[in-house]
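Protein chains in written order, with my numbering: chain V, 1 to 490; chain U, 491 to 798; chain C, 799 to 1119. Everything on this sheet refers to the single structure shown next.
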Amino acid sequence: MPISDLLQSYLVDNDTWDEMYARASVREQYTKAIDFLQQLSPEELNKKEDLAKKLFMSQGITFTVYNSGEGIEKIFPFDIIPRIITATEWDFIERGIKQRLKALNLFLKDIYSNQFILKDGIIPAQIIFSCPHYLREMHNFAVPYDIYVHISGIDLIRDADGTFYILEDNLRTPSGVSYMLENREITKRIFPDLLPNNNVRSVTEYPNILYRNLVSFSPRQIKNPTIVLLTPGIYNSAYFEHSTLARLMGVELVQGSDLVVDNHKVYMKTTNGLQQVDVIYRRVDDEFLDPLVFNPTSMLGVAGILSAYRKGNVAIVNALGNGVADDKAVYTYVPAMIKYYLSEEPILKNVSTYHLAQEEEREYVFSNIQNMVIKKTNESGGYGMLMGSAASDEEIFQYKNEVLANPREFIAQPIISLSSAPCYMDGKLQARRIDLRPYALCGPDGVEIVPGGLTRVALREGSLIVNSSQGGGSKDTWVLGSQGLAGESE
Amino acid sequence: MLSRVADSLYWMSRYMERADGILRMLKINYAWSQDDIQEFSWKPVLRIFTSLNPEEINGFSLNTRDVLQYMVTGKENSNSVLNIVTLARENARSVQDHITKEMWQCLNDFYHTMRDDNLAVALQKDDPITVLDILIRQGLIYVGTTDVTMARGEGNSFLNIGKFLERAIQSSDILNVKISGLGADDNHADAAYWKYLLLSISGYELYLKTYRGGFEIKNVVEQVVLSDQFPRSVIYSVNHLHRHFERLKTDHSNEGFDNLNFTIGKLKSRIKFSTSSSIIHEGLKKYLTEIRFCLVETGMSLNKNYFA
Amino acid sequence: MPRFIIQHITLYNYEEPVTDSTNQIILFPVEDEHQQLVNQQLTITGDPVVEIYKDYYGNKVGSFMNIAPHRELRIDSKVEVITVPRVLPEDIAEPIKQWSALKLLANDVLFLDFLRQENFSALAEMKAVADAGFYEVVSVYLAVQQLTEYVYTNFKYIQGVTSVETTLEEIWKLKAGVCQDFAHILLAMLRILHIPARYVSGYVCPKDEGMRGEGATHAWVEAYIPSYGWLGLDPTNNCVVNDLHVRLAIGRNFSDCSPVKGTYKGTARQTLEVGVSVAYDDGMVSDEENSFLKSQPVWSNPVDDGLNSYQRYMEMIQQQQ
Chain V
1 MPISDLLQSY LVDNDTWDEM YARASVREQY TKAIDFLQQL SPEELNKKED LAKKLFMSQG
61 ITFTVYNSGE GIEKIFPFDI IPRIITATEW DFIERGIKQR LKALNLFLKD IYSNQFILKD
121 GIIPAQIIFS CPHYLREMHN FAVPYDIYVH ISGIDLIRDA DGTFYILEDN LRTPSGVSYM
181 LENREITKRI FPDLLPNNNV RSVTEYPNIL YRNLVSFSPR QIKNPTIVLL TPGIYNSAYF
241 EHSTLARLMG VELVQGSDLV VDNHKVYMKT TNGLQQVDVI YRRVDDEFLD PLVFNPTSML
301 GVAGILSAYR KGNVAIVNAL GNGVADDKAV YTYVPAMIKY YLSEEPILKN VSTYHLAQEE
361 EREYVFSNIQ NMVIKKTNES GGYGMLMGSA ASDEEIFQYK NEVLANPREF IAQPIISLSS
421 APCYMDGKLQ ARRIDLRPYA LCGPDGVEIV PGGLTRVALR EGSLIVNSSQ GGGSKDTWVL
481 GSQGLAGESE
Chain U
491 MLSRVADSLY WMSRYMERAD GILRMLKINY AWSQDDIQEF SWKPVLRIFT SLNPEEINGF
551 SLNTRDVLQY MVTGKENSNS VLNIVTLARE NARSVQDHIT KEMWQCLNDF YHTMRDDNLA
611 VALQKDDPIT VLDILIRQGL IYVGTTDVTM ARGEGNSFLN IGKFLERAIQ SSDILNVKIS
671 GLGADDNHAD AAYWKYLLLS ISGYELYLKT YRGGFEIKNV VEQVVLSDQF PRSVIYSVNH
731 LHRHFERLKT DHSNEGFDNL NFTIGKLKSR IKFSTSSSII HEGLKKYLTE IRFCLVETGM
791 SLNKNYFA
Chain C
799 MPRFIIQHIT LYNYEEPVTD STNQIILFPV EDEHQQLVNQ QLTITGDPVV EIYKDYYGNK
859 VGSFMNIAPH RELRIDSKVE VITVPRVLPE DIAEPIKQWS ALKLLANDVL FLDFLRQENF
919 SALAEMKAVA DAGFYEVVSV YLAVQQLTEY VYTNFKYIQG VTSVETTLEE IWKLKAGVCQ
979 DFAHILLAML RILHIPARYV SGYVCPKDEG MRGEGATHAW VEAYIPSYGW LGLDPTNNCV
1039 VNDLHVRLAI GRNFSDCSPV KGTYKGTARQ TLEVGVSVAY DDGMVSDEEN SFLKSQPVWS
1099 NPVDDGLNSY QRYMEMIQQQ Q
């Protein structure tokens, strides 16, 4: 007998795909978890929620928000109800992302060498040459294994009929993977036995796979190459993630000031003198990486690192210049890239996108602005965007002027009604909009994606914006093993 | 080990040692303030543990609760326990992958305790000893956790070097401020003065057991500078500093190591071959100033040879 | 065929020893049918290994480091170059055909970088001057010379009023500057008229006739003339470039061609002296070594300086994807 009836109060919007509910009944993948949750009283669920909060706080899984000169530690809100993905859905996503990454890597290789895709007119050269992240410095040299995107965090959403769409390709320094790992650890603590009983596939291999890949990129073929994770420092909002990954992989966490380039090799300054560095997993943006070549006032980078990179004395992960591939104006052409380089049909769909630099498309967007979301082409994290459905006339007017001043920097997409999933809030289950960011790793042997990812939640009722900077939270993301293979998770 | 990491470990440890020293000093001085309203003054505490100059100290409210607020939770005081623990935690944060998760969690807890609004209120309204005890215990959990979990490698050496250097400087400063104002044979200060001085560095019971004939300046100097039984004495701290420093020696010769080893060795012999009489004879103030100079020099040399 | 021996010295002095110095030099003369490099001697304090590669625009770029403490950095480049006189455009095609030939280049990968004009608030004013209705009635070859003359007559050549950080906007208002400012203004005007235009850095070797830009590196412009190719234009000296200019690099603007730049750690107090002297094949020397170094204002910030804590903070919290 269920103690509480969680489902009674659960309301799903019309015209929205709900991950748990279909036509007033629970989807199969959710049944076991919901049965279990229904055995718990609201008090017990509240206790679990409290425990989760305490665990995040005491482990320092926080980011710092600066307010009136004082740093305040916040936790990235965590919802205790997992998001569940079936084996079939996952298989589709996995194939789609692998295909996309294969094409994106080929595109980067091409754009920084022969530029066949421009010469064949598949992508207008204007779009590439006007992209601020197109780095001419990346021409005329090869990167190890021709891999540019070693780590990606591609964002997926689902629309009203459940179709998956690619929302954004994050190919530079995608963050959030530590939350995938930590959310899982928290679930283990608050819901003992629930994971094995549901045949949930493990995500713990992520740091091992990444480490193995990093070793393989080492230019020096030595037994124990020196691998470092370069962080902007403790004030960066993702610092927790940087230190977690460094610890899980057992690599050195360094800041720009720890490194120096001598005779085109990178060294770190140790208590025993200089030690050569072979692979740098950097979480510092291109622009700040080498003050000699890019932003001369940057304190975060290392002068001369690019010359060491060019000489092949150090591997940098991800490669520089990837921003030309995840630019939101270039995004439109990814399906074309897949056809061009792989002669395949894209598995995962793009959201239709309007280029505001083109007058007709701009007019169309402006006259349908209440159904549109307008975004800056080179920003991410939900910064600088306009939701036409929620903006005031004044905001729309100002934004239009901004667009007209620099139309190349904006694209628009029809607002997609993201799928919803149950969240435990105020003592009951409530539907909130979500997205999904799986983390894919490219190594010499191909692309690997740990079965899982980060599910971000728009915690405000009715909101479609899941970014943490805009009041989003996250959930543990379960990928179930194939049917009939219960208990045999990788 | 990265130079920056060594530097952060060293400072994290120095800050934690300083926080402990301040908290103990405050606890005992608070007790004294309740005991003897005539003799007692907060001035020496402010002199030892803040960067205020004598003029500012004279202008400072010596109201007990105000001093406690300033010393414990005062945001404007760069040496308040709150600021010191915050600094220790920031250092820990930047070397999270070089300390154990337990150590980090324990510093993190300490930090959140310090920031709790209720703490400041309790310090104003309730029994300050209870508040200070909670904080002292947080520090002790850190010390214990470090001892039990931290690997005995290079990182541990830098932690201990920081701890014992800070402790040696503190003990010589406390002695300097509290005693050197008195004349060479001035044994007239009353028993309470000595008692609280020794209590504040947790050396009262040891003194009673060692010297049975009441308080004498000579004996106090002997215990605080020269006793190798007393864990807060200058010589005890310097010996341990040296022991942990020697572990940094590596196969390939390092000029920096040799220089520093010489500096610390010299300081050690200077103290070892002193007696309480010789110290008082040559002048306590001069002696302590010289020791302090050598300790600061050691710190600067570490900076140059290991942390740069 | 003129032959020049050019010595170019860059000398930094630091008040306190500095460390971790990393530098990039673009001091290697272009080698093509118009210019021949006979030999080059490069001497740098501390004899560091100079790694040379070809950048996106085909320039040879060198990089080197010196991490040990030092008080001086001297970069001494001595080159012997032969230049070949150029045949200038015949300019026979009808202007309208020439201009429409240029419009076809608008999406050409080879010209995109040299056609793109960054937006700046005086652009409208400049557009009024570089007016298509006015210039497109003559041939491209004549138009580019008229624009060169416009810059030459309307801008005053004054040293020290601008720096490498002066914006196009400021130069336009100031109506004064040095060769690189003249070049940047001409570049913008050419690009407004959809004429591909690129920045050139190098040396000017006038021998008898005095020219602006001697004693230091010089800068000018190349414009693309249909059915001819790249034509050099020197707005500082109001002339079409021929065999008295020695090219070091081409790019979109100064920062693609910056002859010497570097970073280091340590004191902000430094001095910079630069000198270029030219010896001609008849043995005549434009300037004696040791007397030709002129001190220069220093614009580069050492790595330890230059950012206020707010900027540093904004940098550290840079958004993550």
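Ideal placement from N, C-alpha and C gives every residue a C-beta, glycine not left out. These numbers come from a predicted model, not from an experiment.
#1: When you compare only the Cα positions, how much space is there between V/I280 and V/T173?
#2: Less than 8 Å between the C-beta atoms of C/V756 and C/I804, yes or no?
#3: What residue ranges within the stretch 356-396 of chain V form continuous alpha helix (DSSP H) runs of no fewer than 4 residues, ordered along the chain?
#4: Using the beta-carbon of each residue, which ones in chain V are nearer than 7 Å to U/N598?
#5: Measure from the C-beta of C/L764 to each C-beta in chain V and report whether the shortest distance is under 8 Å.
#6: Can you tell me whether DSSP reads U/A674 as helix, strand or coil?
#7: Is DSSP giving V/N208 helix, strand or coil here?
#8: Using the beta-carbon of each residue, which ones in chain V are nearer than 9 Å to C/V907?
#9: Rounding to the nearest angstrom, what Cα-Cα distance links C/V942 and V/N406 in this structure?
#10: Which runs of the alpha helix (DSSP H) at least 4 residues long sit entirely within the stretch 717-778 of chain U? Give them in chain order.
#11: Grouping DSSP H, G and I as helix and E and B as strand, with all else coil, what is V/Y235?
#12: Specify the secondary structure class of C/N821 as computed by DSSP and reduced to three states.
#13: Going by C-alpha distance, which of V/F141, V/D285, V/P132 is nearest V/Q255?
#14: So, for C/T1065: in the same chain, excluding its five sequence neighbours on each side, which residues have a beta-carbon less than 8 Å away from its beta-carbon?
#15: Measure from the C-beta of V/R83 to each C-beta in chain C and report whether the shortest distance is under 8 Å.
#16: With 8 Å as the threshold, decide whether the Cβ of V/D326 is near any Cβ in chain U.
#17: Check the C-beta distance from V/L135 over to C/V907 and give it rounded, since I have them as a contact under 8 Å.
#18: Taking the beta carbon of U/A674 as the centre, do at least 16 other beta carbons fall within 10 Å, making it buried, or is it exposed?
#19: Would you mind telling me which residues of chain V sit closer than 7 Å to U/M491, beta carbon to beta carbon, in chain order?
#20: Compare the C-beta of C/K876 against all C-beta atoms of chain V and say whether one is closer than 8 Å.
#21: What does DSSP give as the partner residues of V/F410 in its beta bridges?
#22: From what residue to what residue does the beta strand (DSSP E) around V/D155 run?
#23: Using a Cβ cut-off of 7 Å, pull out every chain V residue sitting near C/T820, in sequence order please.
#24: By Cβ distance below 6 Å, which residues in the same chain neighbour U/H588 in space, the five residues on each side in sequence not counted?
#25: Assuming C/V998 contacts C/R1045 (C-beta within less than 8 Å), just tell me the rounded distance between them.
#26: Whose C-beta lies closer than 6 Å to the C-beta of C/S1098 among residues of the same chain, with five residues either side of it excluded?
#27: Under 8 Å, Cβ to Cβ, is there at least one residue of chain U near V/S243?
#28: Residues of chain U with CB closer than 8 Å to the CB of V/I190, please, in chain order.
#29: Residues in its own chain within less than 8 Å of U/T639 by CB, not counting five upstream and five downstream?
#30: Excluding five sequence neighbours on each side, which residues of the same chain lie with their C-beta closer than 8 Å to the C-beta of U/Q628?
#31: How about V/A238 and V/G481: are their beta carbons less than 8 Å apart?
#32: Do the stretch 776-796 of chain U and the stretch 657-665 of chain U touch if we need at least three Cβ pairs shorter than 8 Å?
#33: Nearest-angstrom Cα distance between V/F76 and V/V177?
#34: Going by the CB atoms, is the gap between V/D169 and V/L104 shorter than 8 Å?
#35: Might you give, ordered along the chain, the residues of its own chain that have their beta carbon closer than 6 Å to the beta carbon of V/R158, omitting 5 neighbours on each side?
#36: Once you ignore the five residues that flank V/V479 on each side, which residues in its own chain have a CB closer than 6 Å to its CB?
Judging by the given coordinates:
#1: 13 Å
#2: Residue 756 of chain C lies beyond the range of chain C shown here (799 to 1119); nothing can be said about it.
#3: 359-367
#4: S58, G60
#5: It is not possible to answer for residue 764 of chain C, since the shown part of chain C is limited to 799 through 1119.
#6: Per-residue confidence for U/A674 stands at a pLDDT of 49, beneath the threshold of 50, marking its modelled position as unreliable; the derived number appears in the next sentence. It is coil, neither helix nor strand.
#7: helix
#8: Q115, L118, K119, A125, I128, F129
#9: 29 Å
#10: 724-736, 745-762, 766-772
#11: coil
#12: strand
#13: V/D285
#14: Y812, E813, E814, V816, P1100
#15: no
#16: no
#17: Not a contact, Cβ separation roughly 16 Å.
#18: Unreliable positioning characterises U/A674 in this predicted model, as indicated by a pLDDT of 49, which lies under 50. The coordinate reading is nonetheless provided below. Answer is exposed; the Cβ neighbour count stays below 16.
#19: T270, T271
#20: no
#21: V/K376
#22: 155-158
#23: V261, L292, A303, G304
#24: V495, G645
#25: 6 Å
#26: With a pLDDT of only 46 at C/S1098, under 50, the local geometry of the prediction cannot be trusted, and no value is derived from it.
#27: yes
#28: Under the 8 Å cutoff, chain U gives no residues; its nearest Cβ is about 18 Å from V/I190.
#29: T590, E592, M593
#30: C596, D599, F600, T603
#31: no
#32: yes
#33: 13 Å
#34: yes
#35: W17, F164, S419
#36: I85, W90, R201, P451, G452
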